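Visitor: Residue numbers (full-length UniProt numbering), protein chains in the order written: chain A, 1 to 344; chain B, 1 to 344.
Just so it is clear, CB atoms sit at the ideal spot from N, CA and C, and this is done for glycine as well.
Treat the numbers as computed from the prediction; the structure is a model and nothing was measured.
Number of protein chains: 2
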Amino acid sequence: MAKKTYRSMDDFASACGVSRPTLSKYFDDPTLIKDVTRKRIEAALKKSNFEPNLFARHLNRKRTKNIGIIVPTMSDPFYVQVVSLIELKLRAKGFWPVQLSSHTRPELEEEAVRTLLSLKVAGVIVAPLGSGSRRSALERLTDAIPVVCFDNPASADLPFVGNDNSQSVAEIVQYLCRSGEPPIFLDVPHLTENAGERQDSYRAAMIKEGHSPLVIDCDAPPSWEFERLGYEQMRRILAKNGLPGKTLLCANDRFAFGAMAAAFASGLKIGRTETCDVRIAGHDDHPLSRYACPSLTTMAQNASEIAANAVELLLGGIEDREADRKVAVNKVILEATLVMRDSA
Amino acid sequence: MAKKTYRSMDDFASACGVSRPTLSKYFDDPTLIKDVTRKRIEAALKKSNFEPNLFARHLNRKRTKNIGIIVPTMSDPFYVQVVSLIELKLRAKGFWPVQLSSHTRPELEEEAVRTLLSLKVAGVIVAPLGSGSRRSALERLTDAIPVVCFDNPASADLPFVGNDNSQSVAEIVQYLCRSGEPPIFLDVPHLTENAGERQDSYRAAMIKEGHSPLVIDCDAPPSWEFERLGYEQMRRILAKNGLPGKTLLCANDRFAFGAMAAAFASGLKIGRTETCDVRIAGHDDHPLSRYACPSLTTMAQNASEIAANAVELLLGGIEDREADRKVAVNKVILEATLVMRDSA
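Below is the structure:
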């Protein structure tokens with residue numbers, strides 16, 4: 001799409017019989033070029049659909065080809081994976097990605113917004129901090145430039161790409177029920193909307209399967225350090241009453257990593273065979289999940305489609321704004337895929 | 001604007017009859033160039049409006065408070081950890097970090113350089129791609145602004161912060177020798193200088209301990225996907241002749257993750273107790289290593305000091321340049337710490 005803009009500039013330049021730099025100069029400041037050339041461009045403009053003022057306004061906005069990306073933390077392999085895919089897609093389309101992390105802190109998310117505005121990026125793809133986000137920060141951004149959210153919607157008014165938690169959690173609950181004991185849900189702190197949606201989906205799916213849901217809330221101060229939370233939660237469970245059942249579904253893979261480490265350290269055998277003590281499943285399929293011992297059964301978020309749709313929505317929004325059209329507020333909710341491995 | 005500045009430098013250089021690098025060198029430190037050349041520049045300066053000090057200061061004024069960070073890939077938890085620490089330190093000092101990934105591809109490293117120059121960052125902290133880096137890209141950067149390398153030195157002429165592989169590998173070899181069988185070294189592809197240094201250090205340490213070194217080269221096309229390489233290498237080893245010994249030292253934690261996953265999947269018990277089949281150790285202590293099953297014994301790179309020193313050297317370099325001082329080329333080599341866990 002970016003190329004299209006350049007192409008039409010080029011096309012229009014050759015239609016005028018002038019070079020592309022001369023045409024740019026004309027739109028910047030018509031007095032900069034020779035009278036005869038200026039007249040030629042203006043004659044061509046009259047005969048075309050080009051709206052010189054719109055064009056000039058676009059140029060005057062002085063937006064760059066840079067696109068900002070903000071995520072809560074790069075310590076989360078899922079964000080790393082999606083950001084990496086977004087970056088490669090943007091570069092392939094002629095845009096230059098600039099990635100900033102909120103380091104899970106609202107004041108740093110706000111600083112990231114300021115930095116991106118100062119860099120005059122053309123648009124931003126953001127996974128908001130969620131309950132920690134300062135609304136004012138994202139509002140400054142959305143006032144200025146097109147914004148697309150992924151993973152966690154900041155507001156119903158923004159384009160969004162995310163996972164269908166209702167489908168994904170239901171699917172792994174069904175799988176766990178039909179392959180063994182129904183799962184107990186190990187929840188994470190509710191920092192983003194995903195957490196609530198996943199717990200709701202777990203409860204609904206269990207009832208649909210004819211079982212009583214059992215949710216164990218994370219008994220710790222809210223934090224994004226999910227491996228540590230999972231590790232400590234599992235140790236607390238084992239120290240208190242022992243395992244509450246033979247199958248555990250964790251709200252995300254990082255929490256499952258920590259829970260598995262604590263179970264393993266306590267001498268428990270994790271896996272789906274008869275001789276195992278406990279089955280543990282996760283959600284997300286982050287890049288290291290296949291290398292866990294045992295490899296982690298999980299729901300794979302469609303990282304590649306999340307990235308592709310986020311880029312498409314954003315570039316569409318940039319075009320809309322350039323053409324002074326109302327920016328469409330599209331939502332894309334993507335199904336996840338069950339990945340059966342050895343842990344459950 | 002960047003090009004305009006470069007153009008006038010070029011114009012002035014040709015007016016003097018000297019090359020652009022020579023002119024830069026003159027402004028950096030007039031004593032660095034030949035007397036006859038210096039006199040020619042000074043004669044031209046007299047005849048022109050150029051004020052060398054003002055000119056230098058003017059260039060500096062155009063720089064922002066943004067600092068670029070380039071790493072080969074954010075799929076490596078070690079880079080994620082160091083970048084995160086660098087970002088927090090920069091923000092604490094009033095600078096705004098902008099992180100770009102080379103996605104392990106030389107052409108994208110070069111694009112990252114272009115992007116950062118276009119963003120007018122005040123300086124760059126870079127972990128170069130290593131053998132894949134295009135020298136020309138980093139030279140463009142170092143001509144323009146202060147640059148500090150970490151993890152892998154791009155050139156002897158640049159400030160550098162890195163790990164003391166000679167100390168770190170020797171220490172873990174000694175530990176493994178005194179606690180069991182001497183280790184066999186599972187090497188990774190030699191993409192950066194670390195790989196060669198670690199293998200050399202392993203060989204030297206084994207000889208010092210009175211053992212014959214045994215290095216198993218990674219039998220696969222070079223790649224940065226170390227978990228996959230480790231997994232496949234271990235499978236090849238097990239399929240061919242079985243385990244070559246009871247203790248394996250992997251060149252980095254990511255490779256160890258993959259090797260452990262393959263060993264576990266083959267039914268081998270990993271750990272340091274009598275009943276275990278194999279001990280596996282790594283190097284780096286990346287953030288997930290403590291949550292491996294079993295938790296990974298490794299050498300912890302001093303991530304926090306690497307980040308602190310990189311930031312300090314860079315901000316020092318920016319100050320030097322602003323004050324028209326010669327930029328110091330400091331090297332900081334940091335020792336790593338043995339972290340004894342359950343895998344070895």
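Just reading off the alpha helix (DSSP H) that A308 (chain B) is part of, what are its end residues?
Guide: 303-322
Visitor: S295 (chain A) versus chain B: which residues are under 8 Å apart at the beta carbon?
Guide: A261, A265
Visitor: Go ahead and pull the three-state DSSP assignment for P97 (chain A).
Guide: Note: P97 (chain A) maps to strand in three-state DSSP.
Visitor: For the stretch 91-105 of chain A, list every residue whose C-beta sits within 8 Å of some C-beta in chain B, in sequence order.
Guide: R91, W96, P97, V98, Q99, L100, S101, H103
Visitor: Considering only DSSP beta bridges, list what I333 (chain A) is partnered with.
Guide: I333 (chain A) pairs with A:G162.
Visitor: Rounded C-beta distance between S84 (chain A) and S101 (chain B)? I'm assuming under 8 Å.
Guide: 7 Å
Visitor: Give a yes or no on whether the minimum CB-CB distance between residue 345 (chain B) and chain A is below 8 Å.
Guide: The first residue shown for chain B is 1 and the last is 344, placing residue 345 (chain B) beyond what the model contains.
Visitor: Quick one: what's got a C-beta closer than 8 Å to I69 (chain B)'s C-beta in the same chain, skipping five residues either side?
Guide: V83, I86, E87, P97, V98, Q99, L100, V124, I125, V126
Visitor: Could you tell me whether the Cβ atoms of S201 (chain B) and A170 (chain B) are closer together than 8 Å?
Guide: yes
Visitor: For the ligand GDP, I want to know if R203 (chain B) counts as a neighbour, meaning its beta carbon is within less than 7 Å of at least one of the ligand's heavy atoms.
Guide: The ligand GDP is absent from the structure shown, which contains no ligands of any kind.
Visitor: Starting from N66 (chain B), find everything on chain A with Cβ-Cβ shorter than 9 Å and list it in chain order.
Guide: Correct list: T115, S118, L119.
Visitor: Can you tell me which of B:H103, B:G132, B:A144 puts its alpha carbon nearest to the alpha carbon of S118 (chain B)?
Guide: B:A144
Visitor: Cutting at 6 Å between CB atoms, please list the residues of its own chain near F95 (chain B), excluding the five before and the five after it.
Guide: K65, I67
Visitor: How would you list, in chain order, the residues of chain A whose beta-carbon sits under 8 Å from the beta-carbon of S223 (chain B)?
Guide: Chain order gives no chain A residues near S223 (chain B), where near means a beta carbon separation below 8 Å; the closest approach is about 14 Å.
Visitor: Would E227 (chain B) pass as an interface residue toward chain A - the criterion being a Cβ-Cβ separation below 8 Å?
Guide: yes
Visitor: Apply the 10 Å Cβ neighbour rule to K326 (chain A) and answer buried if 16 or more other Cβ atoms are within range, or exposed otherwise.
Guide: exposed
Visitor: With A300 (chain A) and T337 (chain A) assumed to form a contact (beta carbons below 8 Å), what rounded beta-carbon distance in angstroms separates them?
Guide: 5 Å
Visitor: Would you kindly check if the distance between the Cβ of L214 (chain B) and the Cβ of A220 (chain B) is under 8 Å?
Guide: no
Visitor: At a Cβ threshold of 8 Å, is F160 (chain A) touching chain B?
Guide: no
Visitor: Only counting runs of 4 or more residues, tell me where the alpha helix (DSSP H) segments fall wholly within the stretch 140-190 of chain A, in order along the chain.
Guide: Every unbroken stretch of the alpha helix (DSSP H) spanning 4 or more residues and falling wholly within the stretch 140-190 of chain A is given here in chain order: 165-179.
Visitor: By Cβ distance below 7 Å, which residues in the same chain neighbour H58 (chain B) in space, the five residues on each side in sequence not counted?
Guide: Its pLDDT being 37, under 50, H58 (chain B) is placed unreliably in this model, and the value from its coordinates should be taken loosely. Within the same chain, H58 (chain B) has no close Cβ partners at all.
Visitor: Listed in chain order, which residues of the stretch 231-264 of chain A have Cβ atoms closer than 7 Å to some Cβ of chain B?
Guide: Y231, F257, G258, M260, A261, F264
Visitor: Assuming the contact rule is C-beta atoms closer than 8 Å, A78 (chain B) and D284 (chain B) should be a hit. Round their C-beta distance to whole Å, please.
Guide: Note that residue 78 (chain B) corresponds to Phe in the displayed sequence, not to Ala. Rounded, the Cβ-Cβ distance is 5 Å, consistent with contact.
Visitor: Against chain A, with Cβ distances strictly below 8 Å, would M299 (chain B) count as a contact?
Guide: no
Visitor: Going straight from the alpha carbon of L334 (chain A) to that of Q167 (chain A), what length do you get?
Guide: 9 Å
Visitor: Which residue marks the beginning of the beta strand (DSSP E) containing R279 (chain A), and which one marks its end?
Guide: 279-281
Visitor: Under 6 Å Cβ to Cβ from E110 (chain A), same chain only, skipping five residues before and after it: list those, please.
Guide: R134, A137
Visitor: Could you give the DSSP three-state label for R57 (chain A): helix, strand or coil?
Guide: Low confidence applies here, because R57 (chain A) scores a pLDDT of 37, under 50, leaving its location unreliable; read the following figure in that light. Correct three-state label for R57 (chain A): helix.
Visitor: Look at A112 (chain A) and I318 (chain A) and say whether their C-beta atoms are less than 8 Å apart.
Guide: no
Visitor: Mapping the DSSP letters down to three states, classify V80 (chain B) as helix, strand or coil.
Guide: Taken through DSSP and simplified to helix, strand or coil, V80 (chain B) comes out as helix.
Visitor: So if DSSP puts L243 (chain B) in a beta bridge, which residue, or which two residues, is it bridged to?
Guide: None; L243 (chain B) has no bridge partner.
Visitor: State the start and end residues of the unbroken beta strand (DSSP E) segment that holds I69 (chain B).
Guide: Where I69 (chain B) is concerned, the enclosing beta strand (DSSP E) stretches over 66-71.
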